[in-house]
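S.K.:
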Amino acid sequence: MKDTLKILAFIVRVALGIIFIVASFDKIMHPAEFAKIIHNYRLMPGFLINLLAITLPWIELICGILLTLGLFREGAFSVITALIIIFIIAVGINVVRGVNLDCGCFTVSEHARGSAMLVLLRDFGLLAMAIFVYFFDSISTGLDRFRKKSLAT
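Per our numbering, the sequence shown starts with residue 114, numbered consecutively.
(1) If we ignore side chains and look at the alpha-carbon of each, how far apart do Thr168 and Pro144 end up?
(2) Leaving aside the five residues before and after Ile206 along the sequence, list all residues of the same chain whose C-beta is less than 7 Å from its C-beta, in chain order.
(3) Over what stretch of residues does the alpha helix (DSSP H) that includes Phe133 continue unbroken?
(4) Could you tell me how far apart the beta carbons of Ile162 and His152 are, in whole angstroms, since I believe they sit closer than 8 Å?
(5) Note down, in chain order, each residue of its chain lying with its Cβ closer than 7 Å to the Cβ of Val63, except the 5 sequence neighbours on either side.
(6) Expressed to the nearest angstrom, what Euclidean distance is found between the alpha-carbon atoms of Ala229 and Phe185?
(7) Going by other Cβ atoms of all chains shown within 10 Å of its Cβ, with 16 needed for buried, is Leu179 buried or exposed?
(8) Using the rule of at least 16 other Cβ atoms within 10 Å of the residue's Cβ for burial, across every protein chain shown, is Ile132 buried or exposed?
(9) Can you tell me where the alpha helix (DSSP H) holding Ser325 begins and where it ends?
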């Protein structure tokens, strides 16, 4: 049973990393459109919107790669979990406001508008994945096992 959980946690960790890698691509390619999406949330001060539009996708990409490879897992996992929680809060605030906006999750296309409630449910699913990884992922399933060995010697 324990080995099964380790294997499943490895699969979930890699899937979560890939999700964040894929989510970053369109935002990296179209930062101006992503900035408009961030602006539409009406949560950030104007002077931070462009900075966030440029840096957030790269953070998603780097942490997604690290999580997928199992390298610096704790840091990558912590950042991704924090991002998921921030996304849940941002979308949740707009659901309460009655605003159904483009989340900007995977594409910045104007035609990608979906149900904010579905986005919220998806984000809670991602959070559940992250919690599962936290409790069941093992250092033996990633590149951290080599990094930890070199630090120990």
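For glycine and all other residues, C-beta sits at the position ideal for the given N, C-alpha and C.
M.R.: This is what the structure holds:
(1) 9 Å
(2) Leu156
(3) In the DSSP assignment, Phe133 falls within the alpha helix (DSSP H) that extends over 115-142.
(4) 5 Å
(5) Only positions 114 to 266 of the chain appear in this structure, which leaves residue 63 out of reach.
(6) 32 Å
(7) buried
(8) Buried, by the Cβ-count rule.
(9) Since the first residue shown for the chain is 114 and the last is 266, residue 325 is missing from the structure and cannot be characterised.
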